[in-house]
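Chains as they are written, first to last, in this note's numbering: chain A, 1 to 649; chain B, 1001 to 1649. Backbone N, C-alpha and C fix where the C-beta goes; we use that ideal spot for every residue, glycine too.
There are 2 protein chains.
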Amino acid sequence: MIQPGGNRRVIITNVSPSVEGGLFPAKAVVNETITLSADVFGDGHDEIAASAFIKHKSDTQWTELPMQFMVNDHWQITFRAEKLGFYEFRIEGWEDHYTNWKKGLKKKYAAGQDIAVELQIGANLLKEAAAAMPAQSKQILQWANQLAQTTNPEENVTLALSDDIAKVMYQYRNPELVTVYPTTFTIEVERTKAAYSTWYELFPRSTASEPGKHGTFKDVAKLLPRVAKMGFDTLYFPPIHPIGEKNRKGRNNSLTAGPEDPGSPWAIGNRLGGHKAIHPELGTLEDFKALIVEAEQHGIEIAMDIAYQCAPDHPYVKSNPQWFIWRPDGTVQYAENPPKKYEDILPFNFETDDWENLWKELKSVIDYWVDAGIRVFRIDNPHTKAFRFWQWMIGEVRVKTPEVIFLAEAFTRPRVMERLGKAGFNQSYTYFTWRNTKQELEEYMTELTKTEMRYFYRPNFWPNTPDILPPALIKGGENAHITRLILAATLSSSYGLYGPVYEFGINAPHGAKEEYVDNEKYEIKHWDWSAYTRIGEVITRVNRIRKQNPALHSTWNVEFAETTNDQIISYVKTDEDTGNSLIVVVNLDVFNTQSAQVKIPMPKLGLDYADTYVVRDLLSGSKYTWGEFNFVELNPYQMPAHIFKVEKQ
Amino acid sequence: MIQPGGNRRVIITNVSPSVEGGLFPAKAVVNETITLSADVFGDGHDEIAASAFIKHKSDTQWTELPMQFMVNDHWQITFRAEKLGFYEFRIEGWEDHYTNWKKGLKKKYAAGQDIAVELQIGANLLKEAAAAMPAQSKQILQWANQLAQTTNPEENVTLALSDDIAKVMYQYRNPELVTVYPTTFTIEVERTKAAYSTWYELFPRSTASEPGKHGTFKDVAKLLPRVAKMGFDTLYFPPIHPIGEKNRKGRNNSLTAGPEDPGSPWAIGNRLGGHKAIHPELGTLEDFKALIVEAEQHGIEIAMDIAYQCAPDHPYVKSNPQWFIWRPDGTVQYAENPPKKYEDILPFNFETDDWENLWKELKSVIDYWVDAGIRVFRIDNPHTKAFRFWQWMIGEVRVKTPEVIFLAEAFTRPRVMERLGKAGFNQSYTYFTWRNTKQELEEYMTELTKTEMRYFYRPNFWPNTPDILPPALIKGGENAHITRLILAATLSSSYGLYGPVYEFGINAPHGAKEEYVDNEKYEIKHWDWSAYTRIGEVITRVNRIRKQNPALHSTWNVEFAETTNDQIISYVKTDEDTGNSLIVVVNLDVFNTQSAQVKIPMPKLGLDYADTYVVRDLLSGSKYTWGEFNFVELNPYQMPAHIFKVEKQ
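Okay, structure coming up:
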């Protein structure tokens, strides 16, 4: 059996951006330069043409973007998306008979061959186009007649090759001979913050000005100027809901809580309410809304933590028992990793027959807080909830409110973390927390930025979290805190800190665990917010540098520079639109001064190999004249890094 | 809107083998070990299971192959296809509740926890299965009752973990909770020769025993013992059809032929017939069929050349003028690459409105020769004919006669060569002809064997062809002929030579071109088939080594060994089924003796790093005791290579 369309000679393949062959949208942000590309080719050596067609899902008209031939049958075109939401694009290709004819004409004319018959062929091609394009037929027929009648070959060739004709003839194609790639691909365009954000995490209950008191949203409001001054644009709270009283955990995760123990905010729900309620000691819903508004005035968004799990006394357990697993002895199944038991937490059963209502209720939690003014959610342990739920929920929320950003807090296996990105999470925690050596950092950055991950996985680098105190910070102390902060903030355009503990350089582990002892998860802390620290000073400077340099607003523009010392890592970042270029050099040895020759990838800076240029260290203010090979020496007790701005001469 | 199936928690992705996400079949040969694999995972930490389902397209029943967990959520299973033709496979995954329960039971029991309720849960899982599997329900219910009633926990745990229950419970799954990957993938299983073949090309017209005479099929028959003795299994002829008389080319591709000039066999067709006719001076169709049969008796298959193009006097030009392009002056369009003209060749117009009949006629040419007994076709310049035609034609031919092998003679851009492989060509010419340095060879082999190409592109390495005399052979003379032959024959499981010219070391170029002067394409040659040559001797030895060593029957098992000299390349090949292992070491410098240390990838030989083993050079007979690091020295005037067989102690 012969399928129709066998005379379509052009082949299209390897379309990009594409995530799993188009099963998932590729990610972009507003005004980002997006490259649409494909391999497009025909049999033989005839000229072909290719176009991308793109439209916002809400538009009815497609825009045609003629693609440009690059190399090895690869074609591409760039565009900037101006609207939030979902764009669709498809690729078409066809044999370009007119251009092909021109190519032959030019060569034959140059070789002095008789072109009389050639000109007739060209005129026929024009007539064919005229018949198909009534609006332009008069003009085209005039050209055709000129070609057929003029006796001066030079005039004819000039006419045939004119841009006017080229423009019109590009529009002409025989639809029966046009190859359309069968998949229409999707690009999700999000707001800038999805790609560039700076997070500070604190526990609101630890913000009271007096020791021993429970902090409130009003206390947090007082800290907003400080957070803004340090350069953070996102202030993220652990869950703010009522905390379970049944099986509540005590200090240091002990099994029994004393009467004064506040419990873990991730044990959500008690007789006072669940995921749509606020822990009364923090304040009221009105207080919370007021804080959101006040934060906005400081350029800060409040990010909420959503942990889809319940304390045993969460109202859902009674109102919707079908969403939990019940054991033959009539008890409800708590979370466990045998033989360990987590008796303060009940997981939802995503295999329940009532899964549709469960999904709807969980989504309504997001809707509730979006209505309250929240646009940024950090999702706790998303890898222990069904992937299909996330894909549906995030899609539904963002169709209505495309500004909403979801950060996936998954520290688990690579395929699982990737899938959450594909399912729609705008940002994801990463393995950065444990990538310390030059080779580890370079390999991981290459994976994140030079593979298909580039299109579905937006990293958010966290040197620490309330759950994770990595060995590098335990062993390396203050110097390590500064080094890891600079790496996070300059490698990734989104990064965050579990703030007070980080600023104050607290790094006492809980026994042999990679966790903080006397963890704030289980107790209320009191911080001296006015204390000056070297770490806090560097955070502030680095965040200012981030704000002022668009090169740091993208993760995907990183290019590593070779160095002669494995303790010295260096990378170049350039923003194509503004020409802003930085060279970052970091000493990974937090105990010793290290030096190296750094070999700059000159073409990435738009420079020739023999050029010199001025670099100004945005951390220290020093200026140097640099070339391709440059000597650096960094003392971690002073400053473990240079963040050089390239100033071309 | 919520799609059904949201409670299916398992995710499947990255299925292999897959060519363009399943758009094209992956290639395999009969009895080859095929690995089916996928990333399969669920949310959380529960146990899952995955199976591949496979069937030959002609079968009605699927066979379930339970997959094994490897690492990082990757699952796989191997199978051997016993039938020629198309197999289909799909992947399924599901939460394995029973195994998950067992895992918890084991840990809780080991930790001394009370398992009474656990046992009830297990009994319930068994009852659920019993209800779904009536045939086995009696046995399952018996186990369930035992679990629920026995009071000895050790007995219960032993029963719960028994293989008998495991086997039955693997079969049980709730179909509503099984994830089925949406694409069903195809594997085309071909005969062994598609992957392992040894080609000799000669012009039948140059086989007459008397100089000046036109060779015949009967003359070729006399050479069969010689070809077989040299170890070739495929004897390939340029086109054997009547040669165009109009615009015939003379010697050395001159524009005008003398009355004695035989013309190029690729200018097909004259008043005596076209693609289904035989050039009368070669013999009759009966002679040809007799030759096919006689060749078979020597273990040799005759390969025909199919060039879909016409001489100006080909019968099609009159009978089917609509298949050609006609110019306004009433002449038919010949092939051209302006300003060059190829007036002895008319291309088909694959954009003709009558393309369906053109396709059918072109396919009928193959059918005709298949009926005559031919099973191997070398297709001339397939990249200048429509890709969709190949995909249809090859598919149709092979559904009926799956033994047929098509070799794509395309020397063109990478994406085009790749597409021909995807379209169904079983073997393809390659860039090997121009890959000379160690780095070039290693990179090219890696691309061919370690990327998706592995599944759709079967290389056939040719050091020369009648069209190509590469610089390496011009400059390097006899030594280069030997080196390039050994590389072709040991890197690739399929290779071929344009034979007589190669054996006799003829390498005089046509001016500055990379072509033979006095090219056999345009004149009849007379060869002294009895002459002894060093090149011929090495060909014979190497082909014997190929036959005796299954490690050389695959291209994809190549693993490079590091050497301390860029002029020395080394690689290991192992056949997993027989354990046959070879180490090949080649001196790429055809003028000077070179030496190096070779570092053997010991694990690829199934050896520990400290092991020693004996290697026997199959070319020279010498034996050495080797370890991980070994010294080699090779003189290209003696023998530029070792082909070591590994003999473990």
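Asked: At least three beta-carbon pairs within less than 8 Å, the region 608 to 626 of chain A to the region 496 to 512 of chain A; Found: no
Asked: Classification of Asn1070/B by the beta-carbon crowding that lies within 10 angstroms, buried from 16 upward; Found: It should be pointed out that residue 1070/B corresponds to Met in this sequence rather than to Asn. Label assigned to Met1070/B: exposed.
Asked: Exposure of Ala1049/B, with buried meaning 16 or more beta-carbon neighbours within 10 Å; Found: buried
Asked: Buried or exposed by the 16-neighbour rule on C-beta atoms within 10 Å, applied to Asp329/A; Found: exposed
Asked: DSSP state of Asn1630/B mapped onto helix, strand, coil; Found: strand
Asked: Own chain, CB closer than 6 Å to Glu1403/B, minus 5 neighbours either side, in chain order; Found: Arg1191, Arg1375
Asked: Residue environment, Trp1143/B, which counts as buried when at least 16 other CB atoms sit within 10 Å; Found: buried
Asked: Residues near Leu177/A by beta carbon distance below 7 Å, same chain, minus five either side; Found: Asn7, Arg8, Trp94, Glu95
Asked: Whole-angstrom distance between Ala1303/B and Glu1650/B, CA atom to CA atom; Found: With chain B covering 1001 to 1649 only, the question about residue 1650/B has no answer from this structure.
Asked: Reference Lys167/A, options Leu126/A, Gly212/A, Gln309/A, His45/A, closest by Cα; Found: Leu126/A
Asked: Nearest-angstrom beta carbon gap, Val1586/B and Ile1569/B [assumed within contact, 8 Å]; Found: 5 Å
Asked: Top-ranked residue by Cα proximity to Leu407/A, from Met445/A, Leu441/A, Trp462/A, Trp434/A; Found: Trp462/A
Asked: Unbroken alpha helix (DSSP H) run spanning Asn145/A, endpoints; Found: 137 to 149
Asked: Supposed close pair Pro1470/B, Leu1420/B - CB separation, criterion 8 Å; Found: Between Leu1420/B and Pro1470/B the Cβ distance is about 21 Å, and since that is not below 8 Å, they are no contact.
Asked: Contacts that Leu1177/B makes with chain A (C-beta to C-beta distance below 8 Å); Found: Glu351
Asked: For Pro1225/B and Ser51/A, the rounded distance between their alpha carbons; Found: 57 Å
Asked: Proximity test, Cβ basis, 8 Å: Thr216/A and chain B; Found: no
Asked: Inter-residue spacing [alpha-carbon to alpha-carbon] between Thr1555/B and Glu1447/B; Found: 12 Å
Asked: Whole-Å CB distance - Tyr522/A paired with Lys249/A, under 8 Å assumed; Found: 6 Å
Asked: Residues from the region 1546 to 1579 of chain B in contact with chain A, defined by Cβ distance under 8 Å; Found: none
Asked: Beta carbon proximity, Arg1398/B to chain A, threshold 8 Å; Found: no
Asked: Spatial neighbours of Lys103/A in its chain, beta-carbon cut-off 7 Å, leaving aside the 5 residues before and after; Found: Glu47
Asked: DSSP bridge partner residues for Trp1529/B (one or two, in chain order); Found: DSSP, once it has assigned bridges, lists no residue as partnering Trp1529/B.
Asked: Cβ shell of Pro312/A (< 8 Å), same chain only, five flanking positions each side left out; Found: Gly244, Lys246, Asn247, Val332, Tyr334, Glu343, Asp344, Leu346
Asked: Start-to-end residues for the alpha helix (DSSP H) that takes in Glu447/A; Found: 438 to 450
Asked: Test: Pro25/A CB closer than 8 Å to a CB of chain B; Found: no
Asked: Same chain only: Cβ atoms within 6 Å of Val325/A, ignoring 5 sequence neighbours per side; Found: Looking at the sequence provided, one finds Ile at residue 325/A rather than Val. These residues qualify, in order along the chain: Gln333, Asn349.
Asked: According to DSSP, residues forming a beta bridge with Ile306/A; Found: Ile379/A
Asked: Rounded separation between Gly1042/B and Val1010/B - CA only; Found: 4 Å
Asked: Among Glu260/A, Phe377/A, Gly299/A, Ser37/A, the one whose alpha carbon lies nearest that of Trp75/A; Found: Ser37/A
Asked: Contiguous alpha helix (DSSP H) assignments of at least 4 residues, all confined to the region 211 to 279 of chain A; Found: 217 to 229
Asked: Interface flag, Phe1041/B vs chain A, CB-CB below 8 Å; Found: yes
Asked: Backbone secondary structure at Thr625/A - three-state DSSP; Found: strand
Asked: Neighbourhood of Met1169/B by C-beta distance below 7 Å, restricted to the same chain and skipping five residues each side; Found: Tyr1098, Ala1129
Asked: Rounded Cβ spacing between Phe1217/B and Leu1291/B (contact assumed at less than 8 Å); Found: 4 Å
Asked: Every unbroken beta strand (DSSP E) inside the region 495 to 572 of chain A [3 residues or more]; Found: 558 to 563
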